[in-house]
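S.K.: Numbering (full-length UniProt numbering), first residue to last: 1 to 484. Positions of the beta carbon are idealized from the N, C-alpha and C atoms, including for glycine. The structure under discussion is supplied below as structure tokens; questions concerning it will follow.
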Amino acid sequence: MTIDTSLLFIGGEWRTAYSGEYFDVLNPATEEVIARVPDAGPEDMKLAIDAAMAVQDRFANTTATQRSKILLAAANLMYERADDLAEIMTREEGKPFLEAKGEVAYAASFLEWFAEEAKRVYGETIPANTPDKRILVIKRPAGLSLAITPWNFPAAMITRKLGPALAAGCPMIVKPSELTPLTALAIAKIFSEVGLPKGALSVVVGKDPVSLVKVAMDDFHVRKVSFTGSTAVGKLLMKQAADTMKRVSFELGGQAPFIVFQDADLNAAVENAVIAKMRSMGESCVAANRIYVQRPILESFTDRLVAKLSALRIGNGMEDGVQVGPLIEPAAVEKVERHVADAAEKGAKIILGGSRGIEVGYFYQPTVLTNVTDSMLITQEETFGPVAAIIPFDTEEEVVERANHTHHGLAAYYFTRDIGRVFRLSEKLQFGILGANDGLPSTAQAPFGGIKESGLGREGGHHGIDEYLDVKYISLGGILSENT
Ligand code: NAD
């Protein structure tokens, strides 16, 4: 698959940025410039809005079957071109090739899922309060939608929004992260080949997200914004959305506890801890950030985890056998270093890793810390790196309280064979996604999303499409009169 990375996809056309400027995209494994992409600005965003408005009504009136076919065709092209897409992703984001390929399949699964959900946007009839009336509920597209996406899942965070938006009949403008514009342009290329009406998708790539996003946030025509990224930026966008009362969905930061009880299947708990910690080098919103282990199994769990993590091969994700790639940028490595140094200063022991390991590229070795306490930065902030912080606990009540002691509420994991405890924790843990004996709960069928400062709204599942639909009702009077 070849994409011309020197052009933007706006209103169904490939064009240069209004400014004529470009910016560099780096490979975090080599620190080399791998592409120069157009630097879109406010004028380009405005063009995307105008193109979407021009097609909005026509697109809203296409049939669900037509939209479903477009989404399925795009999903199929993603599967067919998985190797190419994965290579683009590995080169700009760093995750190992096989993991990137897994993300392509995960991303395509949202298009497939919503291709089916498009056909199930059902209405309702509701018994009225007088004999001569009937109440009918219908759902209509919410209108032009803006997707603002992060770099850590450069494909899936786009399709998790684009799938339901197009399924519902909403045009969408995608503003991807400036760190991973190439995957976004590759997705645009796929949609340019499957018969999507011009203007129903624009991908606006620019290095200054603030001015670019502001144009869309200030524009009344944009009726919906779906953002995945940090809680800090989510709060800013929520304030900006207030002026034109846009609908919002926010998928924000996490601070996931991973709790292992002494009655757990220890092998399964360790295997899943590796997945929940190391997927995307720990740069995942649902990454296990605080690993609570019940004291009687502390040593055996720690030994097994160290054995697994020390066997992982770190390096350039395009090399065979590499399981851990670089972090996204120098600031990400510095944050991990800050968390590890703070923990060590406050009494944590570094029993594996604890340094960058490779000189060129933004690498950090898989690291295990023990003697971690709740007063350390690593238990209070999202680390977003390959550091497993192990924290002992004694009782269920204690660990639930400690796990909930955060403003975040995205994912929590717990490992136990006690079915009563599974239910108790499901109810008591204040998180939107609960991995009960499961370190990888994300899937297109399920309503992904957080509570508290981890977000609003849900993506995926049959719930995901509701975020792009307005509910209207018709109160039909005069039913009993033949003259009406
Ligand atoms: P970020 O908030 O810095 O950026 C996300 C997007 O917002 C990017 O497209 C960026 O260009 C844009 N942006 C940044 N500042 C902006 C501003 N002032 N105004 C408008 N737009 C702005 O986040 P990131 O570093 O790209 O991603 C990492 C964060 O995303 C982590 O906190 C992670 O937990 C979160 N995340 C959440 C989920 C989820 O589903 N809950 C999934 C993936 C990532």
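#1: Between Cys170, Tyr292, Ile391, Val322, which has its C-alpha nearest Ala100's C-alpha?
#2: Considering only residues of the same chain and omitting the five flanking positions on each side of Glu382, which have a CB-CB separation below 7 Å?
#3: Can you have a look at Thr302 and say buried or exposed, based on whether 16 or more other CB atoms are within 10 angstroms of its CB?
#4: Compute the beta-carbon to beta-carbon distance between Pro181 and Val399, rounded to the nearest angstrom, for a pair I have assumed lies under 8 Å.
#5: Helix, strand or coil for Met172, going by three-state DSSP, please let me know.
#6: Taking 8 Å as the threshold, find out whether the region 190-210 comes into contact with the region 72-90 through three or more Cβ pairs.
#7: Can you look up Asn152 in the DSSP assignment and give me helix, strand or coil?
#8: Going by C-alpha distance, which of Arg356, Phe393, Thr63, Glu345 is nearest Leu377?
#9: Using a Cβ-Cβ cut-off of 8 Å (strictly less than) and excluding sequence neighbours within five positions of Pro96, which residues of its own chain qualify?
#10: Comparing alpha-carbon positions, which option in Val210, Phe153, Lys246, Asp265 lies nearest Leu327?
#11: Are the CB atoms of Ala200 and Ala155 within a distance shorter than 8 Å?
#12: Measure the CB-CB distance between Gly385 and Asn272 and report whether it falls below 8 Å.
#13: What distance in whole Å lies between the Cβ atoms of Gly461 and Pro441, which are believed to be in contact at a cut-off of 8 Å?
#14: What whole-angstrom Cβ distance do Val387 and Val333 have, given they're in contact under 8 Å?
#15: So, Ala40 versus Val204, is the Cβ gap smaller than 8 Å?
#16: Span of the beta strand (DSSP E) holding Thr16?
#17: Suppose the cutoff is 7 Å on Cβ atoms and the five residues either side in sequence are ignored; what does the same chain contact list for Pro141 look like?
#18: Along the chain, where does the alpha helix (DSSP H) containing Val204 start, and where does it finish?
#19: Can you give me the C-alpha to C-alpha distance between Leu26 and Tyr122, rounded to a whole angstrom?
#20: How about Leu237: is its Cβ closer than 7 Å to a heavy atom in the ligand NAD?
#21: Contact between the region 48-58 and the region 9-27 is defined here as three or more beta-carbon pairs at a separation below 8 Å; is this criterion met?
#22: State the start and end residues of the unbroken alpha helix (DSSP H) segment that holds Ser211.
#23: Give the DSSP-derived three-state secondary structure of Val225 in the structure shown.
#24: Counting Cβ pairs, one atom from each stretch, are 3 or more of them under 8 Å apart for the region 21-35 and the region 349-361?
#25: Is Gly163 a contact residue of the ligand NAD, with contact defined as CB to any heavy atom under 7 Å?
#26: Please tell me whether, using a cut-off of 7 Å, the distance from the CB of Asn289 to the nearest non-hydrogen atom of the ligand NAD is below it.
#27: Could you give the distance in angstroms between the alpha-carbon of Tyr79 and the alpha-carbon of Lys207?
#28: Quick check: the region 255-271 against the region 405-415, are at least 3 beta-carbon pairs closer than 8 Å?
#29: Compute the distance between the beta-carbons of Ile138 and Glu92, then report whether it is under 8 Å.
#30: Among the residues of its own chain, which have a CB less than 6 Å from the CB of Ala216, if the five just before and after it don't count?
#31: Does the distance from the C-beta atom of Pro131 to that of Gly229 stay below 8 Å?
#32: So who's on the other strand from Asp24, going by DSSP bridges?
#33: According to DSSP, Leu146 sits in a beta bridge with which residue or residues?
#34: Kindly examine the ligand NAD and report whether one of its heavy atoms sits closer than 7 Å to the Cβ of Leu252.
#35: Look at the Cβ atom of Lys175, then the Cβ atom of Val213, and state whether they are nearer than 8 Å.
#36: With DSSP run on the structure shown, which of helix, strand or coil describes Phe97?
M.R.: Judging by the given coordinates:
#1: Your numbering for residue 100 matches position 100 in the sequence shown. Put simply, of Cys170, Tyr292, Ile391, Val322 the residue whose alpha carbon is nearest the alpha carbon of Ala100 is Val322.
#2: Working through the sequence shown from its first residue, we reach residue 382 at position 382. Gly253, Gly254, Gln255, Asn289.
#3: By 1-based counting over the sequence shown, the position of residue 302 is 302. Around the CB of Thr302, 16 or more other CB atoms lie within 10 Å, so the residue is classed as buried.
#4: For the purposes of this step, residue 181 is taken as residue 181 along the sequence shown, with counting starting at 1. For the purposes of this step, residue 399 is taken as residue 399 along the sequence shown, with counting starting at 1. Not really, about 42 Å apart at Cβ, beyond 8 Å.
#5: Residue numbering aside, residue 172 sits at position 172 when the sequence shown is read from its first letter. Residue state for Met172 is assigned as strand, using DSSP reduced to three classes.
#6: Result yes; three or more Cβ-Cβ pairs closer than 8 Å.
#7: As a first step, residue 152 must be located in the sequence shown, where it is residue number 152. If DSSP states are grouped into helix, strand and coil, Asn152 belongs with coil.
#8: Here residue 377 corresponds to residue number 377 of the sequence shown, with the count starting at 1. Each of Arg356, Phe393, Thr63, Glu345 was checked against the Cα of Leu377, and the nearest Cα belongs to Glu345.
#9: Locating residue 96 in the sequence shown gives position 96, counting from the first residue. So the list reads Thr90, Gly317, Val322, Gln323, Val324, Gly325, once near-sequence residues are dropped.
#10: Within the sequence shown, the letter at position 327 stands for residue 327. Comparing Cα positions, the closest option is Phe153.
#11: Sequence index remark: in the sequence shown, residue 155 carries index 155 (1-based). Sequence index remark: in the sequence shown, residue 200 carries index 200 (1-based). Cβ distance not < 8 Å, so Ala155 and Ala200 don't count as in contact.
#12: Stepping through the sequence shown from its first residue, residue 385 is reached at position 385. Stepping through the sequence shown from its first residue, residue 272 is reached at position 272. Between Gly385 and Asn272, the C-beta gap is not smaller than 8 Å, which leaves the two residues out of contact.
#13: Position 441 of the sequence shown, counted from the start, is the residue given in the question as residue 441. Position 461 of the sequence shown, counted from the start, is the residue given in the question as residue 461. Gly461 and Pro441 do not touch by the CB rule: their CB atoms are close to 12 Å apart, not below 8 Å.
#14: Along the sequence shown, one-based indexing puts residue 387 at 387. Along the sequence shown, one-based indexing puts residue 333 at 333. About 11 Å separates the two Cβ atoms, so there is no contact after all.
#15: Here residue 40 refers to the residue found at position 40 of the sequence shown. Here residue 204 refers to the residue found at position 204 of the sequence shown. If you check the CB distance, Ala40 and Val204 come in under 8 Å.
#16: Residue mapping note: residue 16 aligns to position 16 of the sequence shown, counting from 1. Unbroken run through Thr16: none, as it is neither H nor E.
#17: The residue you call residue 141 lines up with position 141 of the sequence shown. Cβ neighbours of Pro141 beyond the five flanking positions: Ala60, Ala168, Gly169, Cys170, Tyr468, Leu469.
#18: Translated into positions along the sequence shown, residue 204 becomes position 204. No alpha helix (DSSP H) holds Val204; DSSP gives it neither H nor E.
#19: As a first step, residue 26 must be located in the sequence shown, where it is residue number 26. As a first step, residue 122 must be located in the sequence shown, where it is residue number 122. Spanning the two alpha carbons is a distance of roughly 46 Å.
#20: The count along the sequence shown starts at 1 and reaches residue 237 at position 237. Leu237: yes, Cβ under 7 Å from the ligand NAD.
#21: Result yes; three or more Cβ-Cβ pairs closer than 8 Å.
#22: On the sequence shown, residue 211 is found 211 positions in, with the first residue counted as 1. For Ser211, the enclosing alpha helix (DSSP H) starts and ends at 209-218.
#23: Mapped onto the sequence shown, residue 225 falls at position 225. DSSP places Val225 in strand when its eight states are reduced to three.
#24: The region 349-361 and the region 21-35 touch, with three or more beta-carbon pairs separated by less than 8 Å.
#25: One-based indexing of the sequence shown puts residue 163 at position 163. In this structure, Gly163 has its CB at a distance of at least 7 Å from all heavy atoms of the ligand NAD.
#26: As a working mapping, residue 289 is identified with position 289 in the sequence shown. Not so, every heavy atom of the ligand NAD lies at least 7 Å from the Cβ.
#27: Here residue 79 refers to the residue found at position 79 when the sequence shown is read from its first residue. Here residue 207 refers to the residue found at position 207 when the sequence shown is read from its first residue. When rounded, the distance between both Cα atoms is 29 Å.
#28: With three or more CB-CB distances shorter than 8 Å, the region 405-415 counts as touching the region 255-271.
#29: The residue given as residue 138 occupies position 138 in the sequence shown. The residue given as residue 92 occupies position 92 in the sequence shown. No, Cβ-Cβ distance for Ile138 and Glu92 is not below 8 Å.
#30: Counted from its first residue, the sequence shown places residue 216 at position 216. If we look at Ala216 and ignore the five residues flanking it on each side, its Cβ neighbours are Met45, Leu146, Val222.
#31: The residue you call residue 131 lines up with position 131 of the sequence shown. The residue you call residue 229 lines up with position 229 of the sequence shown. No.
#32: Sequence index remark: in the sequence shown, residue 24 carries index 24 (1-based). Beta-bridge partners of Asp24 (DSSP): Arg36.
#33: For the purposes of this step, residue 146 is taken as residue 146 along the sequence shown, with counting starting at 1. Per DSSP, Ile173, Val225.
#34: As a working mapping, residue 252 is identified with position 252 in the sequence shown. The answer is yes for Leu252.
#35: As a working mapping, residue 175 is identified with position 175 in the sequence shown. As a working mapping, residue 213 is identified with position 213 in the sequence shown. Less than 8 Å divides the Cβ of Lys175 from the Cβ of Val213.
#36: Within the sequence shown, residue 97 is the residue found at index 97, counting from 1. Three-state result, Phe97: helix.
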